[in-house]
Amino acid sequence: MLFIKELKKTVCSLVFLVLVLAIFVFANSQDVLDFSQEPITCPEPGGAYGTHTKEVPEVIMPAAFERLLVEYRVNGYSAYPIGFYKKVRLSEGKKEEMASVLAALTGIEASVIREMSGDALYGLTLREDITYEEFLEQAEIADQLIGGGSSYCRTYLKNFGRVPVTYEEAAAQYELCKSKDRFTGAYARYFCDYMGIMLSVLPVFSAVSLCLKDTRAGISSLVYSRRVSSLKLILARYLAVCLAVVLPVLVLAYVSNMSIWRYYEGMALDYLAPLKYTLGWLLPSVMISVAVGMFFTVLTGTPIAIAIQGLWWFIDVNTGIAGIDGAYGLFRLSPRHNTLRNTQGFLDGLRNLASNRLLMAGSAMLLVLAAAAVYEQKRRGNLGGSKRTKRLFTAGTDCDSESAA
Numbered sequence: 395m396l397f398i399k400e401l402k403k404t405v406c407s408l409v410f411l412v413l414v415l416a417i418f419v420f421a422n423s424q425d426v427l428d429f430s431q432e433p434i435t436c437p438e439p440g441g442a443y444g445t446h447t448k449e450v451p452e453v454i455m456p457a458a459f460e461r462l463l464v465e466y467r468v469n470g471y472s473a474y475p476i477g478f479y480k481k482v483r484l485s486e487g488k489k490e491e492m493a494s495v496l497a498a499l500t501g502i503e504a505s506v507i508r509e510m511s512g513d514a515l516y517g518l519t520l521r522e523d524i525t526y527e528e529f530l531e532q533a534e535i536a537d538q539l540i541g542g543g544s545s546y547c548r549t550y551l552k553n554f555g556r557v558p559v560t561y562e563e564a565a566a567q568y569e570l571c572k573s574k575d576r577f578t579g580a581y582a583r584y585f586c587d588y589m590g591i592m593l594s595v596l597p598v599f600s601a602v603s604l605c606l607k608d609t610r611a612g613i614s615s616l617v618y619s620r621r622v623s624s625l626k627l628i629l630a631r632y633l634a635v636c637l638a639v640v641l642p643v644l645v646l647a648y649v650s651n652m653s654i655w656r657y658y659e660g661m662a663l664d665y666l667a668p669l670k671y672t673l674g675w676l677l678p679s680v681m682i683s684v685a686v687g688m689f690f691t692v693l694t695g696t697p698i699a700i701a702i703q704g705l706w707w708f709i710d711v712n713t714g715i716a717g718i719d720g721a722y723g724l725f726r727l728s729p730r731h732n733t734l735r736n737t738q739g740f741l742d743g744l745r746n747l748a749s750n751r752l753l754m755a756g757s758a759m760l761l762v763l764a765a766a767a768v769y770e771q772k773r774r775g776n777l778g779g780s781k782r783t784k785r786l787f788t789a790g791t792d793c794d795s796e797s798a799a
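Position 43 (the sequence shown) corresponds to 437 in this note's numbering; numbering is contiguous.
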């Protein structure tokens with residue numbers, strides 16, 4: 395059977411073995427294989443329940459203002475314009491505009507603020523009559539002066555609203571975890587948060603390796619002449635890689651989840667949670683990573699797919715930092731939920747998460763169909779293999795050789 399043959403080729407390859415080892419090492423290093431030290435317990439009155447971000451103007455405004463004063467004094471602003479950290483220094487012109495922002499926030503003339511230096515700036519305080527809407531407007535201006543992605547954009551501004559979790563909130567979180575997640579769902583989701591990072595990029599290596607295997611073995615022409623249809627061959631390879639990657643992850647998901655079952659004896663646990671989250675949360679990430687690998691490898695005959703998927707992954711991981719406790723954007727490669735709690739946040743974003751996962755799975759299938767179409771054209775001799783693409787990669791080498799000569 396074609397599928398079994400492709401599955402054997404995938405599982406027996408060195409690339410796949412390294413992939414599985416990397417997944418295990420990463421999971422173990424992030425402490426998501428053993429939750430025995432992290433039971434979710436019912437909160438007791440009078441305890442400390444941690445903190446969380448909340449849009450409380452009385453907390454956000456003074457904290458953000460204090461941070462702005464510090465950064466204005468040293469003329470050094472932290473920003474993440476495209477998800478990557480950047481230290482921004484303002485020109486004299488923009489520094490004067492930032493002084494105007496501080497003037498609007500404090501009620502002091504901008505010319506006076508520009509003359510201030512050192513500790514004198516720390517004596518500034520917010521206007522007593524300033525509204526939250528006014529503050530947001532000035533914060534947006536400050537963010538634009540910095541170039542976007544600063545601490546004062548709407549995405550990050552809420553991080554200044556760090557407040558203690560009350561007993562009532564902690565008790566409500568526990569009840570949601572008990573009734574909706576049935577405990578196991580919370581651990582399965584946390585496991586997927588970390589695993590999604592790796593499974594959004596590692597499978598591309600197996601896909602590229604499998605597609606290039608025929609070329610390396612010098613039997614491309616033999617494969618092209620087979621009677622089996624291009625669609626059937628590409629689908630067999632695609633499903634083989636997806637299954638090979640997902641099965642060991644599913645095993646690890648159950649190993650992880652089973653580590654806490656003993657804490658909840660007698661309670662109605664969801665024993666299918668690891669399966670449901672692995673298939674619903676992680677499989678689409680595997681699917682798109684494998685699909686990108688197969689399409690661009692079939693198209694170009696080169697491992698360029700690794701660079702393409704790697705770049706997408708790198709940008710996605712960095713931009714996901716802002717919503718690490720629950721980021722379910724439509725175009726997210728790897729959704730984030732880096733907490734055992736926040737069940738309500740998960741429920742609120744469930745529709746977005748489902749849309750995202752369906753989009754990734756659908757896009758993956760379109761890429762697979764496109765790969766099959768390209769493969770069929772190559773078998774018919776309508777496409778000249780990967781000669782043009784390879785010339786792009788070898789052109790630089792040839793130029794260097796000629797220069798050396």
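In this text, a Cβ means the ideal position worked out from N, Cα and C, and glycines have one as well.
Keep in mind it's a predicted model, so treat the numbers as computed, not measured.
- Looking at the DSSP output, residue 558 bridges to 445.
- Apart from the 5 residues on each side of it in sequence, residue 564 sits with its Cβ closer than 7 Å to the Cβ of 437, 443 in its chain, given in chain order.
- In the DSSP secondary-structure assignment, residue 471 is bridged to 482.
- For the pair residue 639 and residue 776, the Cα-to-Cα distance works out to about 33 Å.
- Residues of the same chain with a CB within less than 6 Å of the CB of residue 491, apart from the 5 flanking positions on each side, are 539 in chain order.
- Inclusion of residue 600 and residue 635 in the CB contact set at 7 Å is warranted, their separation being smaller than that value.
- Rounded to the nearest angstrom, the gap between the Cα atoms of residue 762 and residue 459 is 51 Å.
- In the three-state DSSP reduction, residue 721 falls in the strand class (E or B).
- For the region 406-467, the continuous alpha helix (DSSP H) assignments of 4+ residues that do not extend past its boundaries occur at 408-423, in sequence order.
- Measuring C-alpha to C-alpha distances from residue 604 to each of 626, 465, 692 identifies 692 as the nearest.
- Within the same chain, 724 come within 7 Å of residue 753 by CB-CB distance, once the 5 residues on both sides are set aside.
- Straight through space, the alpha carbons of residue 624 and residue 448 are spaced by roughly 54 Å.
- Counting only the Cα atoms, residue 734 lies some 8 Å from residue 583.
- In the three-state reduction of the DSSP assignment, residue 544 falls in the strand class.
- In the three-state scheme derived from DSSP, where H, G and I count as helix and E and B as strand, residue 751 is classed as helix.
- DSSP places residue 656 within a helical segment (H, G or I) once states are collapsed to three.
- Per DSSP, reduced to three states, the secondary structure at residue 730 is strand.
- Taking C-beta separations shorter than 6 Å and ignoring five residues to either side along the sequence, the partners of residue 546 in its chain run 533, 536, 537, following chain order.
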